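**Q** Here it is, the structure in full.
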Amino acid sequence: MISVTLVPVLEDNYSYILTADNGQCAVIDPGDGEELVRVLKQKSLIADYIFNTHHHSDHVAGNHAVKSYCKCKLIGPESEMKRIASIDIPVNAQSALTFGGEDVQVIETPGHTSGHICFYFPDSKILLSGDTLFAMGCGRLFEGSAEDMYTSLQKLKFLPGDTRVYCGHEYTLANAQFCHHAAPDNQDITNRLKEIKKIRDNGAPTIPSTIEEETKTNVFLMAKSAEEFASLRTQKDNF
Ligand SMILES: [Zn+2]
């Protein structure tokens, strides 16, 4: 099995450190190299890999520092190779990738960026969703259309319900407030908003959520068409 350690970095980003039973270790989206190296040292860990979901600097700025410290290999989206320096293992949906003795599925999820990928670990039931799927939200459309993002989210929506979702930012409270605004009569959303307020009042992370929670309370995943999704995304951009 794979364990996940959440590492808050920058203003509201989450990086993650994965450790597997076979001793392998990976750093996910190191937005702040100094902080990741500090946590690795504190835990006496040396990463074998870095995984990048997309090219934005708050996800890749620490690649160099972590690579220098760990001498590890960088895994990233093949289609963003020109925009992420020093990818050693470019991957796409066809790649046969393993970590910690487990299969890792690369899911191509364009929308936030054109080459964004998510990493899915079916055995450990983990989804690293980057800036595609957030708890009760989804990424902004910087490089893709609403249709692209809608299609990407559909791929994630049908993963097993007990899959734990580890996303790239702590945006959950603002997302929950928007979901409540968009679907005021949805009791699951109202209840989750209350829970999230409590968690954030205590300064704790709201991550991970699960695919099941998201399919019940994330209005972007609940959208029944690309048009409905597009309308929600525009409303959220102006919320
Ligand atoms: Zn991003």
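Take any residue in the sequence shown, note its place counting from 1, add 10, and you have its number in the working numbering.
Idealized CB from N, CA, C, for every residue including glycine.
Everything numeric in this text was worked out from a predicted model, so none of it was measured.
Just verifying my parser: in three-state terms, what is the DSSP assignment at residue 128?
**A** For the purposes of this step, residue 128 is taken as the residue at position 118 of the sequence shown. Of the three classes helix, strand and coil, the one that applies to residue 128 here is strand, per DSSP.
**Q** Of all the options 95, 112 and 116, which has the alpha carbon lying nearest to the alpha carbon of residue 101?
**A** Translated into the one-based positions of the sequence shown, residue 101 becomes position 91. Ranked by Cα distance from residue 101, the first of 95, 112 and 116 is 116.
**Q** Which same chain residues, not among the five before or five after residue 199, have their C-beta less than 6 Å away from its C-beta?
**A** Here residue 199 refers to the residue found at position 189 when the sequence shown is read from its first residue. Closer than 6 Å at the Cβ level, and outside the excluded window around residue 199, lie 189, 190, 193 and 227.
**Q** Any chance you could list the residues with Cβ under 5 Å from a heavy atom of ligand 1, keeping chain order?
**A** 66 and 141
**Q** Please confirm if the segment 37 to 56 is in contact with the segment 229 to 243, defined as three or more CB-CB distances below 8 Å between the two stretches.
**A** They do not touch, by the three-pair rule.
**Q** Smallest Cα separation from residue 204: which of 182, 175 and 221?
**A** For the purposes of this step, residue 204 is identified with residue 194 of the sequence shown, where counting begins at 1. Ranking 182, 175 and 221 by Cα distance to residue 204 puts 182 first.
**Q** Which stretch, first to last residue, makes up the beta strand (DSSP E) that contains residue 109?
**A** Your numbering for residue 109 matches position 99 in the sequence shown. Unbroken beta strand (DSSP E) run through residue 109: 107 to 109.
**Q** Please go through the same chain and pick out, in chain order, the residues whose beta-carbon is closer than 6 Å to the beta-carbon of residue 139, but skip the five residues on each side of it.
**A** Residue numbering aside, residue 139 sits at position 129 when the sequence shown is read from its first letter. Cβ neighbours of residue 139 within its own chain (closer than 6 Å, five residues either side excluded): 128, 175 and 177.
**Q** If we count the other Cβ atoms within 10 Å of its Cβ and call it buried at 16 or more, is residue 39 buried or exposed?
**A** Along the sequence shown, read from residue 1 onward, the residue named residue 39 stands at position 29. When all chains shown are included, residue 39 counts as buried.
**Q** If you follow the alpha helix (DSSP H) that residue 36 is in, where does it begin and where does it stop?
**A** If you number the sequence shown from 1, residue 36 lands on position 26. Per DSSP, residue 36 belongs to no alpha helix (DSSP H); it is in the beta strand (DSSP E), 35 to 38.
**Q** With H, G and I counted as helix, E and B as strand and the rest as coil, what does DSSP make of residue 220?
**A** Translated into positions along the sequence shown, residue 220 becomes position 210. It is a strand residue.
**Q** Would you report the Cα separation of residue 195 and residue 201, rounded to the nearest angstrom?
**A** For the purposes of this step, residue 195 is taken as the residue at position 185 of the sequence shown. For the purposes of this step, residue 201 is taken as the residue at position 191 of the sequence shown. Their Cα atoms are separated by approximately 11 Å.
**Q** For a minimum of 4 consecutive residues, which ranges assigned as the alpha helix (DSSP H) are wholly contained in the segment 34 to 100?
**A** 43 to 52, 67 to 70 and 73 to 80
**Q** Measure the alpha-carbon distance for residue 161 versus residue 75 and round it to whole angstroms.
**A** Taking the first residue of the sequence shown as position 1, residue 161 is located at position 151. Taking the first residue of the sequence shown as position 1, residue 75 is located at position 65. So the two alpha carbons sit approximately 35 Å from each other.
**Q** How far does the beta strand (DSSP E) with residue 23 in it extend, from its first residue to its last?
**A** Sequence index remark: in the sequence shown, residue 23 carries index 13 (1-based). Residue 23 -> beta strand (DSSP E) spans 23 to 30.
**Q** Can you check which of these residues, 41, 65, 23 and 77, is closest to residue 35 by C-alpha distance?
**A** The sequence position of residue 35 within the sequence shown is 25, counting from 1. Of the listed residues, the one whose Cα sits closest to residue 35 is 77.
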